[in-house]
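Below is one structure; the comments refer to it alone.
There are 2 protein chains.
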Amino acid sequence: MNLIQSAKNEKVKHWKKLLTRKERDKTGLFLVEGEHLVFEAKAAGVIEEIIVTEQYYPKLPKAKFGNDEVYVIANNIERLISDTETPQGIFAICKQGAATDIKGTRFLLIDAVQDPGNVGTMIRTADAAGFDAVVLGVGSVDPYNPKVLRSAQGSHFHLPIVRGNLNEWIEQLKEKDIPVYGTALQNAVSMYEVEIGPSFALIVGNEGQGVDEQLLEKTNQNLYIPIFGKSESLNVAVAAGILMYYLRGK
Amino acid sequence: MNLIQSAKNEKVKHWKKLLTRKERDKTGLFLVEGEHLVFEAKAAGVIEEIIVTEQYYPKLPKAKFGNDEVYVIANNIERLISDTETPQGIFAICKQGAATDIKGTRFLLIDAVQDPGNVGTMIRTADAAGFDAVVLGVGSVDPYNPKVLRSAQGSHFHLPIVRGNLNEWIEQLKEKDIPVYGTALQNAVSMYEVEIGPSFALIVGNEGQGVDEQLLEKTNQNLYIPIFGKSESLNVAVAAGILMYYLRGK
Numbered sequence: 538m539n540l541i542q543s544a545k546n547e548k549v550k551h552w553k554k555l556l557t558r559k560e561r562d563k564t565g566l567f568l569v570e571g572e573h574l575v576f577e578a579k580a581a582g583v584i585e586e587i588i589v590t591e592q593y594y595p596k597l598p599k600a601k602f603g604n605d606e607v608y609v610i611a612n613n614i615e616r617l618i619s620d621t622e623t624p625q626g627i628f629a630i631c632k633q634g635a636a637t638d639i640k641g642t643r644f645l646l647i648d649a650v651q652d653p654g655n656v657g658t659m660i661r662t663a664d665a666a667g668f669d670a671v672v673l674g675v676g677s678v679d680p681y682n683p684k685v686l687r688s689a690q691g692s693h694f695h696l697p698i699v700r701g702n703l704n705e706w707i708e709q710l711k712e713k714d715i716p717v718y719g720t721a722l723q724n725a726v727s728m729y730e731v732e733i734g735p736s737f738a739l740i741v742g743n744e745g746q747g748v749d750e751q752l753l754e755k756t757n758q759n760l761y762i763p764i765f766g767k768s769e770s771l772n773v774a775v776a777a778g779i780l781m782y783y784l785r786g787k
Numbered sequence: 538m539n540l541i542q543s544a545k546n547e548k549v550k551h552w553k554k555l556l557t558r559k560e561r562d563k564t565g566l567f568l569v570e571g572e573h574l575v576f577e578a579k580a581a582g583v584i585e586e587i588i589v590t591e592q593y594y595p596k597l598p599k600a601k602f603g604n605d606e607v608y609v610i611a612n613n614i615e616r617l618i619s620d621t622e623t624p625q626g627i628f629a630i631c632k633q634g635a636a637t638d639i640k641g642t643r644f645l646l647i648d649a650v651q652d653p654g655n656v657g658t659m660i661r662t663a664d665a666a667g668f669d670a671v672v673l674g675v676g677s678v679d680p681y682n683p684k685v686l687r688s689a690q691g692s693h694f695h696l697p698i699v700r701g702n703l704n705e706w707i708e709q710l711k712e713k714d715i716p717v718y719g720t721a722l723q724n725a726v727s728m729y730e731v732e733i734g735p736s737f738a739l740i741v742g743n744e745g746q747g748v749d750e751q752l753l754e755k756t757n758q759n760l761y762i763p764i765f766g767k768s769e770s771l772n773v774a775v776a777a778g779i780l781m782y783y784l785r786g787k
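Residue numbers (the working numbering), protein chains in the order written: chain A, 538 to 787; chain B, 538 to 787.
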């Protein structure tokens with residue numbers, strides 16, 4: 538066991554930098570922390586390196602991680618690479634998913650949603666609702682941001698989460714006869730007017746501005762969720778959840 | 538115009554204390570900030586005092602707030618009574634809603650949900666879905682917590698938000714023949730098996746533990762949202778949104 542004790546160690550510096558989007562984009566890697574996410578990453582086969590604290594090391598399931606490159610860090614190094622207040626002593630460096638083609642029947646397209654909790658929650662819900670991919674357009678938070686990873690609770694490892702040009706995605710979906718539904722408060726129909734079908738793509742948009750007008754012009758139809766009370770709108774992650782479950786049918 | 542300039546002013550001390558649950562419970566008052574919430578509070582008729590900064594004061598719509606007690610504070614006092622990083626210069630002290638009887642047809646019961654963002658978002662969704670009240674049981678965050686108020690975006694002023702004993706609520710709802718649905722992962726049926734009716738109450742529970750076992754034993758039926766993918770569960774506010782919209786019908 539080689540113990541890393543210095544904050545100036547090159548590995549530590551590299552891991553710490555992965556908390557920034559710039560470094561994640563440059564390397565195609567990301568950092569997850571906590572048992573749940575690390576175990577999910579292991580099951581998905583995307584781990585490059587395991588990092589554990591001295592304190593955690595005896596608990597590491599050697600059968601599971603026997604073939605992995607394991608680094609042990611001094612307990613006081615942990616806070617440097619953690620994004621949480623109470624880290625659990627286990628981390629993994631993982632490979633980001635590659636760009637993907639249109640495979641499957643249900644897609645969530647996210648246009649410029651910036652809150653990491655909302656994006657993570659939508660990824661988790663898309664997984665639960667049996668979606669085949671989540672595509673993040675320009676202006677959305679990085680899906681490998683630590684807070685997005687935490688909110689998604691491992692769903693990153695269950696379905697492709699990719700960045701893409703939403704204009705191109707819409708065109709390609711339509712070429713494959715997959716209907717594309719935007720969400721909008723104006724020039725839209727109630728979700729109850731949609732004929733539920735076996736495949737579709739749903740676009741949700743920025744918390745304040747909604748989906749970009751240019752994208753809305755390209756969709757097959759734009760939908761709203763009826764408001765029966767006095768609130769003006771719904772939280773974007775809640776709206777996405779209601780629509781994903783409604784449109785997929787039973 | 539009487540300008541309050543000292544942090545030691547008795548009014549300032551009182552307002553500041555309203556950021557704590559203890560003081561809110563003791564006084565039956567709460568503090569809201571920002572134009573949107575203050576204007577909603579005004580429309581609901583629950584304002585006791587208006588507070589504006591010197592800088593905001595010229596912008597205050599005198600026609601709307603002419604009969605209110607308005608306090609003007611020096612700009613540097615603002616941060617003492619604000620819960621946000623970029624306060625907007627306008628605050629209101631409001632009366633909390635009184636306990637309420639069962640009036641209406643749709644109710645959301647919240648059992649021990651502690652995250653203020655989740656509770657606020659559920660209040661907002663209950664409003665949108667046309668619910669008649671939200672009842673918070675023991676162990677839930679205070680609905681007048683500043684973060685709950687922000688996430689609910691004014692829905693506190695649209696429907697009764699009350700604290701209550703959920704055991705008693707369930708009994709009274711059942712006496713009125715309003716079916717009560719719990720949410721659970723085990724000993725439960727798919728939401729799609731419920732016969733959609735004109736009235737119901739839905740109970741959602743703690744992010745980790747779910748709804749209390751004792752409450753689940755008292756319901757008419759316990760429901761789960763089918764998981765079509767690989768995630769283990771849904772965020773509680775998303776689950777509540779999907780169920781509220783599904784169970785209310787079109």
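Where is the CB? At the ideal position from N, CA and C, for every residue including glycine.
Quantities reported herein were computed from a predicted structural model and do not represent experimental measurements.
Legend entry - Contacting residues, own chain, Cβ-Cβ under 6 Å from Arg558/B (five flanking each side not counted): Against the second sequence, residue 558/B aligns to sequence position 21. So the list reads Asp679, once near-sequence residues are dropped.
Inset, instruction - May I have the straight-line CA-CA distance separating Asn704/B from Gln758/B, to the nearest angstrom? - result: For the purposes of this step, residue 704/B is taken as the residue at position 167 of the second sequence. For the purposes of this step, residue 758/B is taken as the residue at position 221 of the second sequence. C-alpha separation (whole angstroms): 15 Å.
Inset, instruction - Measure the CB-CB distance between Ala649/B and Gly674/B and report whether it falls below 8 Å. - result: By 1-based counting over the second sequence, the position of residue 649/B is 112. By 1-based counting over the second sequence, the position of residue 674/B is 137. Yes. Within cutoff.
Inset, instruction - With distances taken Cα to Cα, identify the nearest neighbour of Asp562/B among Ser688/B, Leu710/B, Gln633/B. - result: Here residue 562/B corresponds to residue number 25 of the second sequence, with the count starting at 1. Measuring from the Cα of Asp562/B, the nearest candidate turns out to be Gln633/B.
Inset, instruction - Report the rounded CA-to-CA distance for Tyr608/B versus Gly778/B, giving the unit in angstroms. - result: In the second sequence, residue 608/B corresponds to position 71, counting from 1. In the second sequence, residue 778/B corresponds to position 241, counting from 1. Between Tyr608/B and Gly778/B, the C-alpha separation is close to 39 Å.
Inset, instruction - Decide if Gln690/A is buried, meaning its Cβ has at least 16 other Cβ atoms within 10 Å, or exposed. - result: Position 153 of the first sequence, counting from 1, holds the residue named residue 690/A. Buried, by the Cβ-count rule.
Legend entry - Listed by chain order, chain A residues near Tyr608/B by CB distance under 8 Å: On the second sequence, residue 608/B is found 71 positions in, with the first residue counted as 1. The premise fails here: Tyr608/B is roughly 29 Å from chain A at the closest Cβ pair, so nothing lies under 8 Å.
Inset, instruction - Look at the alpha carbon of Tyr593/A and the alpha carbon of Phe576/A, and state the distance between them as a whole number of angstroms. - result: Position 56 of the first sequence, counted from the first residue, corresponds to residue 593/A. Position 39 of the first sequence, counted from the first residue, corresponds to residue 576/A. About 14 Å.
Inset, instruction - Check each residue of the segment 773-785 of chain A: if its Cβ is closer than 9 Å to any Cβ of chain B, include it; give the result in chain order. - result: Ala774, Val775, Ala776, Ala777, Gly778, Ile779, Met781, Tyr782, Tyr783, Arg785
Inset, instruction - Determine, using beta-carbon pairs with one atom in the segment 583-600 of chain B and one in the segment 700-720 of chain B, whether at least three such pairs fall under 8 Å. - result: no
Legend entry - Range of the contiguous alpha helix (DSSP H) that encloses Gly657/B: Residue mapping note: residue 657/B aligns to position 120 of the second sequence, counting from 1. 653-665 is the extent of the alpha helix (DSSP H) around Gly657/B.
Inset, instruction - Return the residues of the segment 664-698 of chain A that lie within a Cβ-Cβ distance of less than 8 Å from chain B, sorted by chain order. - result: Asp664, Ala665, Ala666, Gly667, Phe668, Ser688, Gln690, Gly691, Ser692, His695, Leu696
Legend entry - Chain-ordered chain A contacts of Leu574/B [CB-CB under 9 Å]: Numbered from its first residue, the second sequence carries residue 574/B at position 37. Here the premise fails: no neighbours, minimum Cβ distance about 13 Å.
Legend entry - Cutoff 8 Å: Thr557/B Cβ touching any chain A Cβ: Position 20 of the second sequence, counted from the first residue, corresponds to residue 557/B. So, not an interface residue.
Inset, instruction - Grab the span of the beta strand (DSSP E) containing Tyr593/B for me, first residue to last. - result: Counting from one through the second sequence, the residue named residue 593/B turns up at place 56. Careful: Tyr593/B lies outside any beta strand (DSSP E) and carries neither H nor E.
Inset, instruction - Check whether the Cβ atoms of Phe744/A and Val773/A sit closer than 8 Å, and answer yes or no. - result: Here residue 744/A is taken as the residue at index 207 of the first sequence, counted from 1. Here residue 773/A is taken as the residue at index 236 of the first sequence, counted from 1. Sequence check: residue 744/A is Glu here, not Phe. Yes; because the gap between Cβ atoms is below 8 Å, this pair is in contact.
Legend entry - For His693/B and Ile660/B, believed in contact at Cβ under 8 Å, the rounded distance: Translated into positions along the second sequence, residue 660/B becomes position 123. Translated into positions along the second sequence, residue 693/B becomes position 156. The pair is a contact, with the Cβ atoms about 7 Å apart (cut-off 8 Å).
Inset, instruction - Return the CA-CA distance between Leu784/B and Ala721/A, expressed in angstroms with no decimal places. - result: Locating residue 784/B in the second sequence gives position 247, counting from the first residue. Locating residue 721/A in the first sequence gives position 184, counting from the first residue. When rounded, the distance between both Cα atoms is 23 Å.
Legend entry - Proximal residues, the segment 610-639 of chain A versus chain B, C-beta separation under 7 Å: none
Inset, instruction - Mind checking the segment 750-767 of chain B against chain A and listing, in chain order, the residues whose C-beta falls within less than 9 Å of any C-beta there? - result: Ile762, Pro763, Ile764, Phe765, Gly766, Lys767
Inset, instruction - Under 9 Å between beta-carbons, which chain A residues line up against Thr658/B? List them in chain order, please. - result: Numbered from 1 along the second sequence, position 121 holds the residue referred to as residue 658/B. Within chain A, the residues near Thr658/B are Leu771, Asn772, Ala774, Val775.
Inset, instruction - May I have the straight-line CA-CA distance separating Thr623/A from Gly571/A, to the nearest angstrom? - result: Translated into positions along the first sequence, residue 623/A becomes position 86. Translated into positions along the first sequence, residue 571/A becomes position 34. Straight-line Cα distance between these residues: approximately 10 Å.
Inset, instruction - State yes or no: is the beta carbon of Thr720/A nearer than 8 Å to at least one beta carbon in chain B? - result: What you label residue 720/A is simply residue 183 of the first sequence in a count that begins at 1. Chain B, which has no Cβ nearer than 8 Å to the Cβ of Thr720/A, makes this no.
Legend entry - Proximity test, Cβ basis, 8 Å: Lys596/A and chain B: The sequence position of residue 596/A within the first sequence is 59, counting from 1. No, its Cβ sits nowhere closer than 8 Å to a Cβ of chain B.
Legend entry - Reference Ser688/A, options Asn655/B, Pro735/B, Gly747/B, Glu591/B, closest by Cα: Sequence index remark: in the first sequence, residue 688/A carries index 151 (1-based). Closest by alpha carbon: Asn655/B.
Inset, instruction - Could you tell me the distance, in whole angstroms, from the CA atom of Tyr729/A to the CA atom of Ala670/A? - result: Reading the first sequence from its first residue, position 192 is the one you call residue 729/A. Reading the first sequence from its first residue, position 133 is the one you call residue 670/A. The straight-line gap from Cα to Cα measures roughly 24 Å.
Legend entry - CB of Ile764/B within 8 Å of CB of Ala776/B, strictly: Stepping through the second sequence from its first residue, residue 764/B is reached at position 227. Stepping through the second sequence from its first residue, residue 776/B is reached at position 239. No, they are not a contact pair.
Legend entry - Alpha-carbon to alpha-carbon, Asp620/B and His551/B: Locating residue 551/B in the second sequence gives position 14, counting from the first residue. Locating residue 620/B in the second sequence gives position 83, counting from the first residue. Whole-angstrom Cα-Cα distance: 15 Å.
Inset, instruction - Check whether the Cβ atoms of Ala544/A and Ile587/A lie closer than 8 Å to each other. - result: Counting from one through the first sequence, the residue named residue 544/A turns up at place 7. Counting from one through the first sequence, the residue named residue 587/A turns up at place 50. No, the pair does not count as a contact, with Cβ atoms beyond the cut-off.
Inset, instruction - Taking Gly786/B as the reference, give the member of Ser770/B, Pro735/B, Lys755/B with the closest Cα. - result: Within the second sequence, the letter at position 249 stands for residue 786/B. When each option's Cα is compared against that of Gly786/B, the closest is Pro735/B.
Inset, instruction - Just the C-alpha distance for Leu780/B and Leu752/A, rounded to the nearest angstrom, thanks. - result: Locating residue 780/B in the second sequence gives position 243, where the first residue counts as 1. Locating residue 752/A in the first sequence gives position 215, where the first residue counts as 1. One C-alpha to the other measures close to 29 Å.
Legend entry - Coarse secondary structure for Ser543/A, derived from DSSP in three states: As a position in the first sequence, residue 543/A is number 6, starting the count at 1. Three-state DSSP puts Ser543/A in coil, outside helix and strand.
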